[in-house]
Structures are given as structure tokens and as C-alpha cells.
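Student: Below is one structure. I have some questions about it.
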Ligand code: BES
Ligand code: MN
Ligand code: ZN
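In this note's numbering, the protein residues as written are 1 to 517.
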């Protein structure tokens, strides 16, 4: 797909479809005049449909009108809500919902008109929510990202003849004018690359567990590494055992599909980014979580193919970062295992030794994510990481607490947590901080080991963070994406399945390392 950003009048742009936002209230000044001219060129249809209530500002309401005297054959009126609430998250969803509206239609060239006032009101909406103001560059980036992600449909993974996916566009024209058109083009390109990365993450995560084993995930990472010039090291069970990764192996040993610790790197050994950091992205890669011997109830167990989403996200994020900043030093670690019950499985009560020397009692084999992450975090530090960010579908508790729209997050020290959340805010991703309450550490005490991997259910979300904290000595943030990683229902902006959550946060955070402090 070619993306262009043009300062033209929207009616002069040649396209199959021209998407036009419909805000509550009237557009001011020049924007209002442009809208009136569009309406005039449609013989007043926009106004008539709006009076009828068919065209409306309600978010994601999308109505297709015949283009008549336009460069575009069709005009898609898209509800954009209250201008004062049009923040980054809405901008991304607005764009994705436009692309999704085209599902099943014969459209290859789309244009989206972004009135000048959107960035202004978006900026105010952002400021009200504590995020940095949204510039026109940000808006264009989010719109490009949204269109690219909006074209993603997991129904195409296994169904050859599937016809109802959003169309692969040949051309996207973003109609927006700013003082620096080259900067807008660059922003659109950045949005496209981030969107493509999210598609990689979503595509891997959505694949079934009989398709994606740890080995297959490692092969996919290897292919991506080769195609993008990243180094990769894949550690199998023999080496992991020899190195002393007792937590990783405790989970990995129970399946006939052997575990793989996938390590991707950009930059030479010892290299630091322009901020003096070496960031490591670490993602939980449980290709299926049956619970192990502490087996899960069968209800919704099929969702546990999604337990590899954190791994898929970090693999995609380092690829995206490499494409946007080829010289940026960065690490991504994805411990991949299948958590299964069997005669080789770890049993409740087993005692294992972590790579960092700590002794852990596996009280519950279903609290497996924290085990594999523990060793992966230790290993990331051994590889020289100065800063750590992990993403994991770690607890059911986080979804009960925050639902599917907010990712629960932990971190220490606070400035590093704040840096991660600020990077997320610039991409419209939302986090809420969970406290690391030291009082609960004693709930994880064990008679035989330094501590156990779970404890009494009260505060179990906090305890999951406390467990991980035992394996880090550097600035670290943990994102519990169990609620936000996948949707059970489609929305106007996304199909059901993997959402790609936190991919954009990771990329945005990593790219800070491409600018000097
Ligand atoms: N993968 C699950 C968490 C999960 C649950 C993700 C629902 C997505 C949706 C994780 O490994 C798990 O089983 N966590 C346990 C922890 C408990 C045993 C301490 C949980 O949340 O019940
Ligand atoms: Mn589990
Ligand atoms: Zn799990």
C-alpha cells in the first residue's frame, strides 16, 4: 500500500472512497466551509442524511453516500463523537473503523479527510487526560496505523477463500495540511510500520496451539530476524538446563513440544542507545496453558492458546523498532513453552532453582508465566539489559479488576514506570498502576524454598508482581495484558482475537533511545 499525505481539497482527491469525520456540533471556520462544499457537491445529501439522523456524530457510525461531484466515487460519513474528546485512542479507532467498514467491498483507493481542527481538539482532549498534546503529526501517524491495523482479519489465517476481510488497499491518501508536509509523510510512514508490526504480533498470537509450538514460534522469530537483520539465539532444553534455568525448564519439561528461549538482539554486545540504555523487551510465550498438573477447568480453556501473546508482541516490537531505527541497540526475549500435564510435568510442591540462584516451590503449576519470566528477566540482565519491560497474559485477576480496556502495570523505580506509561499514552494505550505491596511478600513464604510461586488468593494480582520483582535488579516494568491481549467479540475497529496491545508502547519507548537524552 502506498500512503500519501496531501494538502489538497478533499473533493479533488481521486479515490474509490473519501472518508469524512462527522463531529457533534458544527466545524468551525475553514473546516466548516470545506464540509459545506462537500455537501453542495453531493446535492445536499450530507445535510439531509444528517437531519434524518442516518448520518450522525455517534462514534463509529458509518454511512456510505454516492460521491456525485467528487474525485471519489463514494463518501463515507464516519461518526467521530465530540471533538473535545477526540484523543489518540479515538483517532486510532476512528481510522481502523473506516477500513473495517470497507470489508467485502471492492475498494482499493481510500482517502481520509482530517480537518485542521481535529488535531487542535485532540490536543485539548489529550491535555485533559494528562497525555501530551496531540500534534497533527501524531494524528496522521495514528490514522495510518489505524488503517493498517484495521485491515487485519484473523479469519484469513486458516480459511483460504475468505472474502469478507477488509480490503488490501493499493493507496491511502490522508488529506491534511500542515506547515511541514514532509514531516506528515514521515509520520504516516511511521504509523504504517507500527501498524504492520502489530499485525505480525496479532497474526502469531491468533494462531492455534497445534500450529504454533515453542519450536514453530522460534522458527517464525528466526525468519523475521533474517528478513530484518536482527541477531537471534534460540536456547533449547539442553542448554537451558545446563545454564541453570530451572524455572523455565520446570514449565517446559512437561510437554512433548520442547521449550525454546528466543533471544533477539539488535546492535553489538555492550552497545547502548542514545539514552545510555539497553532496553530488553521480555514476553510470556506459553503456546498453550492447560494449567499443567494444576489443570484448569475446561470452560474457556481454548482461550489459553492466547497465552503466548506477550512473546509474539516483543518479537514483533523488535522488528518494528529495527525497521524504524536500524542502529538502535535493543533486546527481545521470548521464553516459549507449552504448559501441559503429563508424567514429565512439574508437580505442585516441587522445588526448583532459578537462574538467579533463588529456590522456588511450585505451589501451583498454573502460575507458570511468572516462572518462565523469572529466568528470562535474569537472562536479560546477564545480556547487559539496563532497563526491562515485560508483557504477559499473567493473571485472570487483572481482567476481573480492569476489564479489557486497561492494562494493569507494575514498575520500579517510579520514573521508569512513568516513562513507559508516557510512551504508551503517545500511542493511545492505557495503563493503570498496581502497587507492589511489601506486606504481601510473607504470603508467598515457603518452608522449603526461598518462596513459592503463588499464595492465598487475596491480592493475587499484587503477588504476581512481587514474584517477578525477585528476578530483577534494574529498572523494570511489567504489563499484565491478560485482559487486553484479545477480545471475545468484534468491535467497529477490530475483529475478535488478538489486539496487538502494548506493541506500540514498546516501539515508542524503544525509539526514545534513538534520540539523545
Ligand atoms: N495464563 C493464565 C492467566 C490468564 C487467565 C490469561 C485468563 C488470560 C485469561 C495464567 O498462567 C494463570 O493461570 N494464572 C493464574 C494464577 C494463579 C494460579 C495464581 C490465575 O490467574 O488464575
Ligand atoms: Mn497458568
Ligand atoms: Zn498462563
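A virtual CB, placed ideally from N, CA and C, is assigned to each residue, including glycine.
CB-CB under 8 Å to residue 429, same chain, minus the five flanking residues each way: which ones, in chain order?
Tutor: Closer than 8 Å at the Cβ level, and outside the excluded window around residue 429, lie 89, 407, 501, 502, 504 and 505.
Student: Report the option in 486, 228, 458 and 453 whose CA atom is closest to the CA atom of residue 470.
Tutor: Here the closest residue by C-alpha is 453.
Student: Pull up the distance between the alpha-carbon of residue 192 and that of residue 495, whole angstroms please.
Tutor: Going from the Cα of residue 192 to the Cα of residue 495 covers about 19 Å.
Student: Here's a check: name, in chain order, each residue in its chain whose Cβ is nearer than 7 Å to the Cβ of residue 92, leaving out the five neighbours to either side.
Tutor: Closer than 7 Å at the Cβ level, and outside the excluded window around residue 92, lie 142, 145, 146 and 428.
Student: Between 386, 484, 438 and 394, which lies nearest to residue 474 when the distance is taken from Cα to Cα?
Tutor: Measuring from the Cα of residue 474, the nearest candidate turns out to be 386.
Student: By the three-class DSSP mapping on this structure, what secondary structure does residue 152 have?
Tutor: Residue state, collapsed to three classes: coil.
Student: Residue 158 by DSSP, collapsed to three states: which one?
Tutor: Looking at residue 158 - three-state DSSP - the assignment turns out to be helix.
Student: Can you find a heavy atom of the ligand BES that lies under 7 Å from the Cβ of residue 366?
Tutor: Yes, since a heavy atom of the ligand BES falls inside the 7 Å radius drawn around the Cβ of residue 366.
Student: For the beta strand (DSSP E) containing residue 81, name the first residue and the last one.
Tutor: Here the beta strand (DSSP E) through residue 81 covers 72 to 81.
Student: Please name the residue, chosen from 69, 444 and 62, that lies closest to residue 44 on a Cα-to-Cα basis.
Tutor: Ranking 69, 444 and 62 by Cα distance to residue 44 puts 69 first.
Student: If you measure from the CB of residue 346, is any heavy atom of the ligand HEM nearer than 7 Å?
Tutor: What this structure holds is the ligand BES, the ligand MN and the ligand ZN, not the ligand HEM.
Student: If you follow the beta strand (DSSP E) that residue 39 is in, where does it begin and where does it stop?
Tutor: It is not in any beta strand (DSSP E) - residue 39 instead sits in the alpha helix (DSSP H) that spans 29 to 41.
Student: What do you reckon, is the C-beta of residue 394 under 7 Å from a heavy atom of the ligand BES?
Tutor: Residue 394: yes, Cβ under 7 Å from the ligand BES.
Student: Under 8 Å: do the stretch 70 to 80 and the stretch 9 to 22 share three or more Cβ pairs, one atom per stretch?
Tutor: Enough Cβ pairs lie closer than 8 Å, so yes.
Student: Residue 230 and residue 220: beta carbons closer than 8 Å?
Tutor: No. Outside cutoff.
Student: Could you tell me whether the Cβ atoms of residue 350 and residue 245 are closer together than 8 Å?
Tutor: It is not a contact, given that the beta carbons lie outside the stated cut-off.
Student: Does the Cβ of residue 369 lie closer than 7 Å to at least one heavy atom of the ligand ZN?
Tutor: Yes - the ligand ZN has a heavy atom lying nearer than 7 Å to the Cβ of residue 369.
Student: Would the beta-carbon of residue 16 be found less than 7 Å away from any heavy atom of the ligand ZN?
Tutor: Residue 16 Cβ: outside cutoff for every heavy atom of the ligand ZN.
Student: Quick check: what's the CA-CA separation for residue 3 versus residue 186?
Tutor: Their backbone Cα atoms lie some 10 Å apart in a straight line.
Student: Using a threshold of 7 Å, is the CB atom of residue 286 nearer than that to any non-hydrogen atom of the ligand ZN?
Tutor: Correct: residue 286 has its Cβ closer than 7 Å to the ligand ZN.
Student: Return the bridge partner residues of residue 279 from the DSSP annotation.
Tutor: Its beta-bridge partners are 387.
Student: Could you tell me which of 394, 451, 331 and 30 sits nearest to residue 370, measuring between CA atoms?
Tutor: Nearest of 394, 451, 331 and 30 to residue 370, Cα basis: 394.
Student: Under the DSSP definition of a beta bridge, which residues are partnered with residue 256?
Tutor: None, per the DSSP bridge assignment.
Student: In this structure, does DSSP put residue 98 in helix, strand or coil?
Tutor: Looking at residue 98 - three-state DSSP - the assignment turns out to be helix.
Student: Residue 179: buried (16+ other C-beta within 10 angstroms of its C-beta) or exposed?
Tutor: Classification for residue 179: exposed.
Student: Going by C-alpha to C-alpha distance, which of 130, 391, 122 and 153 sits closest to residue 140?
Tutor: Among 130, 391, 122 and 153, the Cα nearest to that of residue 140 is on 122.
Student: Which runs of the alpha helix (DSSP H) spanning at least 4 residues fall entirely within the stretch 402 to 444, listed in chain order?
Tutor: Listed in chain order, they are 414 to 426.
Student: Please identify the residue among 116, 184, 249 and 322 whose C-alpha is closest to the C-alpha of residue 236.
Tutor: Checked all of 116, 184, 249 and 322; the closest Cα to residue 236 is 249.
Student: DSSP three-state label for residue 344, please.
Tutor: Correct three-state label for residue 344: coil.
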